[in-house]
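Novice:
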Ligand code: CBF
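Numbering (the UniProt record's numbering), first residue to last: 1 to 807.
Pasting the structure below:
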């Protein structure tokens, strides 16, 4: 389609849909019109992609994830369709600004943080690499809560993202499946002497899929992200007369992460997990059987990826379908299951290694529990006599009345990977060491990556223009070409252009900050950014303590030579995570104090932007000078904001944790500010049990001075929160070694301050960071998953060289 045709089709579609012309239409009507034009165009490719996969007998991967965090799709779909420039110009000629339409789209926030965003980067990359892959998750009625600050406290409001409909999805009622929850199950022989389950009681619910096209980057491939929504099957309607009864059903796909402080909340969460696992696995098998292939070869056509432990029941559900429905022998079914399944671990924090009480699992999905019991029994039997008793007891799935989901995922799959080199090593040497002894060849590393197109071309047009002018356009398709930028590290014109692009982005962000927080910030100041979930291990507190140090220093000496700084936070705390919410309150109160202190002027500002989400990240990241990656070494599995910020020219201040290490290796020591304990030192403290935050506090006047601001009234309105945090540091021995790393962190911050004083030198460091970011492209990451874990291949082989014709 060319621009003239686009303008015609657009106006015609607007008239058909809304019976109006451009002048009368609201941004929402224009957005709906554009979206509908796009979906009706790419749906041909979508259908063809399904056909191609089927006809080419392609092996496909199904990526099961309880979170997907795509953000907005309008611009990224336009980019991937190859329409972005044409539509931007065409709309402009009709007097419409594309950005105004993009504003209308709600963020699709069906995830919490890195895990969900990674899943969405992977969906984009899988399609863009022409790989046959599908997402499988839950279509939550409400996305992650909207965060507001009231009296500087976090308040959570519902995110009704579906209120105005969702133009990207297609409800596919004909592809619905039924999922059984609750009740009891007894096994008995059928006429042929095979064991079959007899179900009593419980409920059967309908899982209806909503499919969203995952448009590949200019390759005519459209994959599918399938999200399941619960409904009452029409034949069961009469059993759900009361509003309460109906609500119990609707709750199943209502919210992301129900409150897990109550038994009911935990049970709902487990039911959600089984619901989307069962729906997804059933629909895969139904599709496979339609192709008339033998079940015995399913491992050659299907790969199922378990993203974190939430979908670990895929193992048991797959076994259930093979054994109960397909009547395969246990042994054959088990071999196929292991070959089909693979698992990624995303954190060493205990919270992600889910465990469910036996009684709860037995009541939510009794047949699945029986199957897990049998897997566990056979595991113990197989290992007995080969490995020592204690090792078997530590690794078995059912222990102490609980079902260990990570154990199920590892035992029931052929691959377990971590998400950065350090993290994968720690899995092998510490967290999953016992399993590594049992299955050394199953363990591997796949360092995370990011969808470069979204985080550079879409988020940062100013930088993209400089790159195009300097190194040509190829980097847009081959991010490794960013290395060509290194040839310009001494080129003053390029350095100045990079600095100008950064300043332009900082000005945009300053306007946003002014509009949303009422605070004027100086775009010439260092924009120092920490954007990530609020969690104690990520140590937003360390950042705050350093800010308080700067504040106290400035109060003592207002002429202190320092580059003006704007510290920018974006973070949501889980609704039931009291401590994290207290940190938010304290940062907000400190910000209020500092931002309104006339003595401080422009030298220091602290901004906590409300409701951090993908769209806000797209505003903040291009404007960042400094990227805060300051988790306690060993605790951040990988991190991905570190990669996005680096790609946009921010200089990282980091501990040697997660992928920070690989960033350091890429850019070299001189282009990153490293500080803090190493992971080995952290583990030494654990081993020797000799960490004492109190001694550090007593021995260091600086630490004392800063920590006291939490309780001495320096920061107003935080009596309870201040004491809570103070106690966590001093009385409860500072779980994440904030005090131990504090002074070193201050030194690293000082080195950043110094480096920024020499603008040319700073631009050079920034350039080197951009130049080395290409290695973190999620296109490469999924390629490695495809080759090493899923054994799937691109379908390009079936296309001509334009990649768009189908023969
Ligand atoms: O692997 C993706 C990301 O996942 C987390 O966000 C998670 O939820 N487990 C980790 O905390 C990140 O380190 C990791 O990058």
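Glycine residues also receive a C-beta, built at the ideal position from the N, C-alpha and C atoms.
Along the chain, where does the beta strand (DSSP E) containing residue 169 start, and where does it finish?
Specialist: Taken as a continuous stretch (DSSP letters only), the beta strand (DSSP E) holding residue 169 covers 169–171.
Novice: Where residue 313 and residue 336 are concerned, what is the direct C-alpha to C-alpha distance, given to the nearest angstrom?
Specialist: One C-alpha to the other measures close to 15 Å.
Novice: By DSSP's criteria, residue 228 is part of a beta bridge. Which residues make up the other side?
Specialist: Looking at the DSSP assignment, residue 228 forms a beta bridge with 138 and 209.
Novice: Starting from residue 253, follow the beta strand (DSSP E) in both directions and report where the run begins and ends.
Specialist: Unbroken run through residue 253: none, as it is neither H nor E.
Novice: Who's in the neighbourhood of the ligand CBF, going by beta-carbon under 6 Å from any heavy atom, listed in chain order?
Specialist: Residues with a Cβ closer than 6 Å to any heavy atom of the ligand CBF, in chain order: 113, 114, 115, 118, 346, 347, 352, 419, 448, 636, 637, 638, 639, 640 and 658.
Novice: Determine the extent of the beta strand (DSSP E) in which residue 749 is found, giving its start and end residues.
Specialist: Element bounds for residue 749: not the beta strand (DSSP E) but the alpha helix (DSSP H), 738–757.
Novice: Can you list, in chain order, the residues of its chain whose CB lies under 6 Å from that of residue 790, leaving out five sequence neighbours each side?
Specialist: Result list for residue 790: 61 and 303, in chain order.
Novice: In terms of DSSP beta bridges, what is residue 531 paired with?
Specialist: Answer is 570.
Novice: For residue 405, does the three-state DSSP call read helix, strand or coil?
Specialist: Correct three-state label for residue 405: helix.
Novice: Could I get the ranges of all uninterrupted beta strand (DSSP E) runs contained in the segment 548–609, with 3 residues as the minimum, in chain order?
Specialist: Listed in chain order, they are 565–570 and 604–609.
Novice: Given a threshold of 16 other Cβ atoms within 10 Å of its Cβ, counted over all protein chains shown, does residue 273 qualify as buried or as exposed?
Specialist: When all chains shown are included, residue 273 counts as buried.
Novice: Where does residue 202 fall in DSSP's three states?
Specialist: The answer is coil: DSSP assigns residue 202 none of H, G, I, E or B.
Novice: Check for me: the beta strand (DSSP E) holding residue 309 runs from which residue to which?
Specialist: Premise fails: residue 309 is in no beta strand (DSSP E) and is neither H nor E.
Novice: Which runs of the alpha helix (DSSP H) fall wholly inside the segment 342–394 and span at least 4 residues, in chain order?
Specialist: Within the segment 342–394, the complete alpha helix (DSSP H) runs of at least 4 residues are 358–364 and 366–383.
Novice: Leaving out the 5 sequence neighbours to the left and right, which residues in its chain are closer than 7 Å to residue 160 when beta-carbon positions are compared?
Specialist: Once the five neighbours on either side are set aside, the close Cβ partners of residue 160 are 142.
Novice: Please state whether DSSP places residue 32 in a helix, a strand or coil.
Specialist: Residue 32: helix per DSSP, three-state reduction.
Novice: Go ahead and label residue 239 buried or exposed: buried means 16 or more other beta carbons lie within 10 angstroms of its beta carbon, across all protein chains shown.
Specialist: Exposed, because fewer than 16 other Cβ atoms sit within 10 Å of the Cβ of residue 239.
Novice: Looking at residue 46 and residue 213, is the spacing between their C-beta atoms short of 7 Å?
Specialist: Against a cut-off of 7 Å, the Cβ pair of residue 46 and residue 213 comes out as a contact.
Novice: Can you list, in chain order, the residues of its chain with a C-beta nearer than 7 Å to that of residue 96? Leave out the 5 residues immediately preceding and following it.
Specialist: 22 and 30.
Novice: Does the segment 266–282 come within contact of the segment 125–142, defined as at least 3 CB pairs closer than 8 Å?
Specialist: Result yes; three or more Cβ-Cβ pairs closer than 8 Å.
Novice: Can you tell me whether residue 389 is buried or exposed? The criterion is at least 16 other CB atoms within 10 Å of its CB, across all chains shown.
Specialist: Per the 10 Å Cβ criterion, exposed.
Novice: Measuring from the CB of residue 94, is there a heavy atom of the ligand ATP at a distance below 6 Å?
Specialist: Ligands in the displayed structure: the ligand CBF; the ligand ATP is not one of them.
Novice: By the 10 Å Cβ neighbour count, where 16 or more other Cβ atoms means buried, how is residue 132 classified, buried or exposed?
Specialist: Buried, by the Cβ-count rule.
Novice: Are the segment 109–119 and the segment 66–82 touching by the rule of at least three beta carbon pairs closer than 8 Å?
Specialist: These segments touch.
Novice: Around the Cβ of residue 2, are there at least 16 other Cβ atoms within 10 angstroms (buried) or fewer (exposed)?
Specialist: Per the 10 Å Cβ criterion, exposed.
Novice: Thinking just about the alpha-carbon of each residue, which of 244, 374 and 247 is nearest to the one in residue 333?
Specialist: It is 374 whose Cα lies nearest to the Cα of residue 333.
Novice: Comparing C-alpha positions only, which one of 617, 126 and 441 sits nearest to residue 410?
Specialist: Comparing Cα positions, the closest option is 441.
Novice: Between the Cα of residue 254 and those of 158, 444 and 391, spot the shortest distance and give me the residue it belongs to.
Specialist: Ranking 158, 444 and 391 by Cα distance to residue 254 puts 158 first.
Novice: What does DSSP give as the partner residue(s) for residue 181 in the beta ladder?
Specialist: BP columns for residue 181 point to 203.
Novice: Buried or exposed: residue 169, going by 16 or more other Cβ atoms within 10 Å of its Cβ?
Specialist: With 16 or more other Cβ atoms within 10 Å, it is buried.
Novice: On the criterion of 16 or more Cβ atoms from any shown chain inside 10 Å, does residue 598 qualify as buried, or is it exposed?
Specialist: Looking at its Cβ environment, which holds fewer than 16 other Cβ atoms inside 10 Å, residue 598 is exposed.
Novice: With a CB to CB cut of under 6 Å and the five nearest residues on each side skipped, what residues in its chain are close to residue 310?
Specialist: Once the five neighbours on either side are set aside, the close Cβ partners of residue 310 are 66 and 273.
Novice: When DSSP builds the beta bridges, which residues end up paired with residue 445?
Specialist: 418.
Novice: Could you pull out every unbroken alpha helix (DSSP H) segment of at least 4 residues lying fully inside the segment 625–649, listed in chain order?
Specialist: Counting only runs of 4 or more, we get 641–647.
Novice: Pull up the distance between the alpha-carbon of residue 623 and that of residue 770, whole angstroms please.
Specialist: Distance between the alpha carbons of residue 623 and residue 770 is about 14 Å.
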